[in-house]
Amino acid sequence: MAAFLYKPLLRNLKLDVLQLQTKPLFLSSVLKGLIHDEEKHYFILKMPNGVAHVTYKKLNGVLDLNHTYVPEKFRGTGVAAALAKEVFDYCLRNGIHVKISCNYLERYYEAHSSFYQSIVV
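Going by this note's numbering, the sequence shown runs without a break in its numbering and finishes at 122.
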């Protein structure tokens, strides 16, 4: 009886492993590189049929990262995490300090704070 209860769990686990294995290939074929548009105050990743973006306000040289958007059909595929990584890496490389007002970016930062603590105010 115990094996019967675990079968759905094992099927879900196999699916999750498969999804994790295919995400890097999927992301590399979909994402076209980070673009920083300083005039419009956003970072974008071009994708087929749309863009994912992070918007910000610039206050005293600090970027207040306030919103993350991913097209609905790409949600749950790792696009938001890839976008967050690209934005934080860009800011780190360019010595740009950031404030985080977006819930998603706050969660991403908490999971990766050791890499980005020098730029977050």
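We put the beta carbon where it would ideally sit given N, CA and C, even for glycine. Values in this document were obtained by computation on a predicted structure and should not be read as measured data.
Which two residues bound the contiguous beta strand (DSSP E) that contains residue i?
i: Val63; result: 63-70
i: Phe75; result: From DSSP, Phe75 is part of no beta strand (DSSP E); its letter is neither H nor E.
Between residue i and residue j, what straight-line distance do the alpha-carbon atoms span, to the nearest angstrom?
i: Asp65; j: Ile101; result: 6 Å
i: Leu84; j: Val99; result: 15 Å
i: Asn67; j: Tyr110; result: 13 Å
i: Leu19; j: Cys103; result: Note that Leu19 has pLDDT 35, beneath the 50 cutoff, so the model's placement of it is unreliable and the number below is only indicative. Approximately 30 Å between the Cα atoms of the pair.
i: Tyr70; j: Ala82; result: 11 Å
i: Ala112; j: Pro72; result: 23 Å
i: Val52; j: Lys41; result: 14 Å
i: Gln22; j: Lys74; result: Only weak support exists for where Gln22 lies, its pLDDT of 39 falling under 50; the value from the coordinates is given anyway. Approximately 19 Å between the Cα atoms of the pair.
Just to confirm, are residue i and residue j a CB contact at a threshold of 8 Å?
i: Leu46; j: Glu87; result: yes
i: Tyr57; j: Phe89; result: no
Contact defined as beta carbons within less than 8 Å: I believe residue i pairs with residue j. What is the distance between those atoms, to the nearest angstrom?
i: Tyr105; j: His37; result: About 19 Å separates the two Cβ atoms, so there is no contact after all.
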